[in-house]
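Trainee: Numbering-wise (numbering that gives the first Met the number 0), the sequence shown opens with residue 0 and increments by one.
After the structure tokens below, expect a handful of questions from me.
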Amino acid sequence: MLDLQIFFKQVEAYQDSGESQDDAKRAAAEAALELVEPGMTLGLGTGSTVEFFLQGLAEKIRQGLQVKGVPTSQTTQRRAGELGIPLHGAPHYPDLKSQLCVDGADRVDVRGCLIKGGGGALFREKLVACHSERVCILVDPSKIREVLDESFAVPVECLNFGIDNTVEALAALGCTPSLRGTPESPYLTDNGNLIVDCQFARIPDPVATALRISALTGVVEVGLFCDLLDQLIVGYKDGTAASWSRAAG
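Below you can see the structure in the form of structure tokens.
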């Protein structure tokens, strides 16, 4: 297996001649489409990179591919409906099992730990990923970090009840917490909860940090995804992509 740190160095050294970020996202999505097989149930992630995957998947379905999806957000559910992607278990989705889950990430480190939840869907994204046989994450090189840092805050989904106390408890862990939205008009997740974005200077041990946050009463889910990554696809602006797989080698 190619070490993820070595893979990151290869990504860093790559001379990308392209200019469009959308081309990088599209390249990653097209590489992920190669993993889709007839009859699969797919976990369908949320976000701008996944949008390209959904568009490509819809085209394959129009050409005769038979698959079903499990959406990770109401946004993805709505988009799948618009594109004609069949959904498994709609509208309540009692069974989230899939053979392949394709999603994006806000950051990924050399351990394969992710920061997710920039789009607010972290709870459902993690739940769907946990029930998938294989999790494939699509990113561009700007999302890669040796160590997770202050460049992207960790989203934490929290109950509204007692939110001031939860924010205080999060701050005591050494981060700078910020309620997403405003006190008068806070951001609400698909589950009706709030999100507190927690900015850490560095997260050298994401597993321990996730456990500490999860242990706080009032916290519903943490946007640190560890031990879930099976495949990472990095799209470049020149339209090419590189892939790392845990199962390779």
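Note that beta-carbon positions come from the ideal geometry of N, C-alpha and C, so glycine has one too.
1. In this structure, how does DSSP classify residue 174 when only helix, strand and coil are distinguished?
2. Using three-state DSSP, classify residue 8 as helix, strand or coil.
3. DSSP has residue 106 in a bridge; who is on the other side?
4. Once you ignore the five residues that flank residue 49 on each side, which residues in its own chain have a CB closer than 8 Å to its CB?
5. Taking its Cβ as the centre, do 16 or more other Cβ atoms sit within 10 Å of residue 8, making it buried, or is it exposed?
6. The alpha helix (DSSP H) spanning residue 54 covers which residue range?
7. Keeping to the same chain, check which residues put their C-beta closer than 7 Å to that of residue 6; ignore five residues upstream and five downstream.
8. I need the boundaries of the alpha helix (DSSP H) containing residue 80, first residue and last residue.
9. Tell me whether residue 229 sits in a helix, a strand or coil according to DSSP, three-state version.
10. Name the one or two DSSP bridge partners that residue 149 has.
11. Please report the straight-line C-alpha distance between residue 57 and residue 36, rounded to a whole angstrom.
12. Please classify residue 35: does DSSP put it in a helix, a strand, or coil?
13. Starting from residue 67 and walking both ways along the beta strand (DSSP E), at which residues does that stretch end?
14. Mind checking whether residue 120 and residue 216 have CB atoms under 9 Å apart?
15. Could you tell me which of 124, 84, 235 and 78 sits nearest to residue 96, measuring between CA atoms?
Mentor: So, from the listed chains and residues:
1. For the purposes of this step, residue 174 is taken as the residue at position 175 of the sequence shown. Residue 174: coil per DSSP, three-state reduction.
2. One-based indexing of the sequence shown puts residue 8 at position 9. DSSP places residue 8 in helix when its eight states are reduced to three.
3. The count along the sequence shown starts at 1 and reaches residue 106 at position 107. Residue 106 is bridged to 114.
4. By 1-based counting over the sequence shown, the position of residue 49 is 50. 28, 43, 75, 101, 102, 103 and 137.
5. Against the sequence shown, residue 8 aligns to sequence position 9. Residue 8 comes out exposed.
6. Along the sequence shown, read from residue 1 onward, the residue named residue 54 stands at position 55. Per DSSP, residue 54 belongs to the alpha helix (DSSP H) from 47-61.
7. The sequence position of residue 6 within the sequence shown is 7, counting from 1. Excluding positions up to five away in sequence, the list reads 243.
8. Taking the sequence shown and counting its residues from 1, one reaches residue 80 at position 81. Residue 80 -> alpha helix (DSSP H) spans 73-82.
9. Here the question's residue 229 lines up with position 230 in the sequence shown. Reduced to three states, the DSSP call for residue 229 is coil.
10. On the sequence shown, residue 149 is found 150 positions in, with the first residue counted as 1. According to DSSP, residue 149 bridges with nothing at all.
11. Taking the sequence shown and counting its residues from 1, one reaches residue 57 at position 58. Taking the sequence shown and counting its residues from 1, one reaches residue 36 at position 37. Note on geometry: alpha-carbon atoms of residue 57 and residue 36 lie some 14 Å from one another.
12. As a position in the sequence shown, residue 35 is number 36, starting the count at 1. Correct three-state label for residue 35: coil.
13. Numbered from its first residue, the sequence shown carries residue 67 at position 68. Counting along the chain, the beta strand (DSSP E) containing residue 67 begins and ends at 67-70.
14. Against the sequence shown, residue 120 aligns to sequence position 121. Against the sequence shown, residue 216 aligns to sequence position 217. Cβ atoms of residue 120 and residue 216: not closer than 9 Å.
15. Indexing the sequence shown from 1 puts residue 96 at position 97. Measuring from the Cα of residue 96, the nearest candidate turns out to be 124.
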